[in-house]
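**Q** In our numbering, the protein residues as written are 8 to 1005. Virtual Cβ for every residue (Gly too), placed ideally from N, Cα, C.
#1: Under the DSSP definition of a beta bridge, which residues are partnered with residue 419?
#2: Take the Cβ of residue 624 as the centre, count every other Cβ of all protein chains shown within 10 Å, and call the residue buried at 16 or more, exposed below.
#3: Give the DSSP-derived three-state secondary structure of residue 529 in the structure shown.
#4: Which term fits residue 291, buried or exposed, when burial requires 16 or more other beta carbons within 10 angstroms of its beta carbon?
#5: Hey, residue 787 and residue 744: beta-carbon distance below 8 Å or not?
#6: Return the chain-ordered list of same chain residues with a C-beta closer than 8 Å to the C-beta of residue 933, the five sequence neighbours on each side being excluded.
#7: Taking just the CA atoms, how far does residue 38 sit from residue 877?
#8: Might you give, ordered along the chain, the residues of its own chain that have their beta carbon closer than 6 Å to the beta carbon of residue 4, omitting 5 neighbours on each side?
#9: Nearest to residue 74 by CA position, among 63, 84, 94, is which residue?
#10: Assign residue 912 to one of three DSSP states: helix, strand, or coil.
#11: Could you give the first and the last residue of the continuous alpha helix (DSSP H) run that contains residue 651?
#12: Going by CA-CA distance only, name the one from 896, 640, 986 that's closest to residue 960.
#13: Hey, residue 288 and residue 397: beta-carbon distance below 8 Å or not?
#14: Nearest by alpha-carbon distance to residue 655: which of 682, 647, 670 is it?
#15: DSSP three-state label for residue 754, please.
#16: Could you please give the first and the last residue of the uninterrupted alpha helix (DSSP H) stretch that includes residue 831?
#17: Taking only three categories from DSSP, how would you classify residue 344?
#18: To which residues of the same chain is residue 965 closer than 6 Å at the C-beta, ignoring the five residues directly before and after it?
#19: Mapping the DSSP letters down to three states, classify residue 704 as helix, strand or coil.
#20: Span of the alpha helix (DSSP H) holding residue 845?
#21: Kindly identify the DSSP beta-bridge partner or partners of residue 142.
#22: Suppose the cutoff is 6 Å on Cβ atoms and the five residues either side in sequence are ignored; what does the same chain contact list for residue 429 look like?
#23: Which residues does DSSP list as the beta-bridge partners of residue 787?
#24: With a threshold of 6 Å on Cβ separation, who are the neighbours of residue 467 within its own chain once the five nearest residues in sequence on each side are excluded?
#25: Go ahead and label residue 734 buried or exposed: buried means 16 or more other beta carbons lie within 10 angstroms of its beta carbon, across all protein chains shown.
#26: Inspect the CB distances between the stretch 82-102 and the stretch 148-158 and report whether three or more fall short of 8 Å.
#27: Return helix, strand or coil for residue 770, following the three-state DSSP convention.
#28: Given a threshold of 16 other Cβ atoms within 10 Å of its Cβ, counted over all protein chains shown, does residue 512 qualify as buried or as exposed?
#29: On the DSSP bridge assignment, give the partners of residue 894 in chain order.
#30: Whole angstroms is fine: what's the gap from residue 969's alpha carbon to residue 983's?
#31: How many angstroms separate the CA atom of residue 478 from the CA atom of residue 21?
#32: Give me the Cβ distance between residue 504 and residue 33, rounded to the nearest whole Å; I'm assuming they're in contact under 8 Å.
#33: Might you give, ordered along the chain, the residues of its own chain that have their beta carbon closer than 7 Å to the beta carbon of residue 284, omitting 5 neighbours on each side?
#34: By the 10 Å Cβ neighbour count, where 16 or more other Cβ atoms means buried, how is residue 266 classified, buried or exposed?
#35: Tell whether a beta-carbon distance below 8 Å holds between residue 988 and residue 912.
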């Protein structure tokens, strides 16, 4: 019982150490669990929302629309649970200028259901539900009316077919009809589109660099009133996918199995079948047109023949009459009247030549008959000409049909293609990466401080430990006094850390997240396993440090423990050997120098603890600086062009004509841009460090004309990079990199994510879904986006080998089956504002699919969530620095109580004692700051490497101001700690402190 009472008394006396260990554990557990819990809560609530609204797992688009046969084929794919055929139509309306919207049919199969926020869901034709963004921008409300105009389809190239771009179909004049929606609309509800969770009312909507919307708004309409048998897209739910978290790799693998099956045979077969359907529809229209023309011509010919027959009968009658009259006159001049009567009773027989001669004579003699004959001949001639012209036209149509109907392309996409989904996932993944890395530093600092505090605590009880051991108490029982002390401090601190980690920090993160995204049903949840493991991690670390401290003392005999510890033997420090310097240092300066360098453990712990905290602050600020400059570096430095314009293949010529006619371009480069995929070649013959990996990255494949390869360097800064260590990379000289026909140039962002380097073999997938193994000739500096540059010749070699030689040897691009240059990189005249306005005006042109202004992208690039988390980490690092400095300062004072008492006896005033002690702490703090600043840059590089986000590469940068802030903050914490330590120095009693410990 006395042992327990003494233990409790000892604990009460060491309350400062208890608070220090508890606070360090609290901060560590809070950081370990808080960021994780906040991201997990967001992941789970979003996953529940997606499951409730039936967000599609796979979406299939086609350049020619989807038919019932396509839908039926998708339903037969193994692993598909549901298929929903969807119809949509792009419309325009007037809202402070021309605005566009997508009329989206609300599916009847439970997929992609909008979430009702206000009002009711539309049920009748003409009723729609709109998003809150539209309500905010338009000022309209439930009950307001709106009239829209369907966007005109692309200019018809033939009577048989009319297709749109990759994102849908406007019109197809075949057996299938394009979707058509009512144009007079009434707003009955406000909904949230599950495909886009951006918060229009928050402080930050999704940044433009990740926005993929092709229209300004989305209107949701019921099936009632929607016509058309052609579908814009098909959305699929995959069996077993709902049971997985949509953000986990297991979900991606489940969905990938189905997308691979679709890409395998279904896609190829249905692309061919759909094109054949269009060809058959075109041939049928031509056949129907020929049959209709033949019928009309036959009817016209019959009418002409009937008229000509009537005309001939009239002429024949006249001929017969004239022939009979001539025969009667000849008989009258004969021998007798009877013979004349007999001759007049019969019609003379005329040969064909005579009859034809008489016909011509009679027609020529009669103006009426002459005119009638001319009219009949003219009608026949016109009919023959019409027949020949129509036949020629139909034959031309038949010959042009195959070329006028392009190859049908299917685009099989998963949730990653949704801008809202990928933005949310990348934001949360980046924050979770930080949450996985920072607690390691907190744990190391916690172990160091616990070792310092507990070693001093055990050393103070040295004689008492010897007494207990001498009385027969086991070493384990004696050590339990300190182990239980550390354990209780860890449990209390860890418990409070769990409260902060599962309530406080997640609440803060979710407030920031809800300013960016709308996440219905969001709630805070506790993870028993993760929380328990979080506390256990710090308990093990602190207890290990405590056990080490106990073992170091208790391995001595009780007699040795009960005697005072021998003072450290005097020794010279290195500075003493530098006589010119040492001789010029005052007495107190020499004492300070000896105190700092003679006690190595105190030096290491203090400098290491301060350096760790300073490094955390620098690291947080480094991440903030790195993210803040991403947009400027990419869109001002790397991209030299001012404008990128992309069009559909069929509108490429019109797009270039439009841009050229505006007179804003100073120089330009025509390229071909396709959305593709980059993956590590699984053949194992590459030189990549990750050969055989299944990792892949979505890329923008940029093909450059063979004649203008050298012009690429004028539009994009080409700088070869090589992988460095700890977030660094070696950047070559600007302009030293050239695109050639021996390989592709891969963006640094994609190369870093996949471990690709120059000489690696990669698998490229182009816009048609064709895969080929390519060689990486170089890795180019690139921070945002994943561009892969390829020459026209190498593109042909990869994806269409039969044209490779033609392209290489052609005198002009028209001499071979060259690529369609569907995009333009251009430099513009004018200010940044005018360039942005020009890009926006281009997007309103029907020939332009997308126009991007680099000036706008540079100004609008933001990463608000990262900034908030960095602020949180810096605040926690500052708190850790304060606790560390407080622990070290109190330990320093407790070790030197007799020394301070001696100084007071010698006549030192309290202020002089403060200066004597605090000077050492400030010097050690400065040493820790000097070490912590480069260490923070090092740790920052490691953490930014961990932020392996899609299409982003974090080029680590720390601004001088960040170093200043970190140093000033740490020194300010040191000064603040002095305010707590000085009263402790004032309370030291010289008489009691100098009593003999024996």
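**A** According to the structure data:
#1: BP columns for residue 419 point to 67.
#2: It counts as buried.
#3: Three-state DSSP puts residue 529 in coil, outside helix and strand.
#4: Around the beta carbon of residue 291, fewer than 16 other beta carbons sit within 10 angstroms, so the residue counts as exposed.
#5: In this structure, residue 744 lies closer than 8 Å to residue 787 by Cβ.
#6: The beta carbon of residue 933 sits closer than 8 Å to the beta carbons of 978 from its chain, once the five residues preceding and following it are set aside; these are given in chain order.
#7: Roughly 12 Å separates the two Cα atoms.
#8: Any question about residue 4 goes unanswered here, given that the chain covers just 8 to 1005.
#9: Ranking the options by Cα distance to residue 74, first place goes to 94.
#10: Three-state DSSP puts residue 912 in a helix.
#11: It is not in any alpha helix (DSSP H) - residue 651 instead sits in the beta strand (DSSP E) that spans 650-653.
#12: When C-alpha distances from residue 960 are compared across 896, 640, 986, the shortest belongs to 640.
#13: In this structure, residue 397 does not lie closer than 8 Å to residue 288 by Cβ.
#14: Out of 682, 647, 670, 682 has the C-alpha closest to the C-alpha of residue 655.
#15: Looking at residue 754 - three-state DSSP - the assignment turns out to be strand.
#16: In the DSSP annotation of this structure, residue 831 is not part of any alpha helix (DSSP H); the continuous beta strand (DSSP E) holding it starts and ends at 830-835.
#17: Any answer about residue 344 is weak, because its pLDDT of 48 lies below 50 and its placement is not dependable; what the coordinates show is given next. Helix, per DSSP.
#18: Counting only residues of its own chain and dropping the five nearest sequence neighbours on each side, residue 965 has a CB closer than 6 Å to the CB of 629, 632, 944.
#19: Strand.
#20: Run containing residue 845: 839-850, per the alpha helix (DSSP H) assignment.
#21: Looking at the DSSP assignment, residue 142 forms no beta bridge with any residue, so it has no partner.
#22: The beta carbon of residue 429 sits closer than 6 Å to the beta carbons of 423 from its chain, once the five residues preceding and following it are set aside; these are given in chain order.
#23: According to DSSP, residue 787 bridges with 727, 754.
#24: For residue 467, same chain residues with a beta-carbon under 6 Å away, outside a window of 5 residues either side, do not exist.
#25: Because the pLDDT of residue 734 is 46, which lies under 50, any placement of that residue in the model is unreliable, and the question is left without a value.
#26: Because the criterion of three Cβ pairs below 8 Å is met, the stretch 82-102 and the stretch 148-158 touch.
#27: Three-state DSSP puts residue 770 in a strand.
#28: Burial call: buried.
#29: Residue 894 pairs with nothing; no bridge assigned.
#30: Using only the alpha carbons, I get a separation of about 21 Å.
#31: Roughly 24 Å between the two C-alpha positions.
#32: Right, the Cβ-Cβ distance comes to about 4 Å (below 8 Å), so this counts as a contact.
#33: Leaving aside the five residues that flank residue 284 on each side, the residues in its chain whose CB is nearer than 7 Å to its CB run, in chain order, 74.
#34: Residue burial annotation: residue 266 is buried, with at least 16 other C-beta atoms found within 10 angstroms of its C-beta.
#35: Contact: no.
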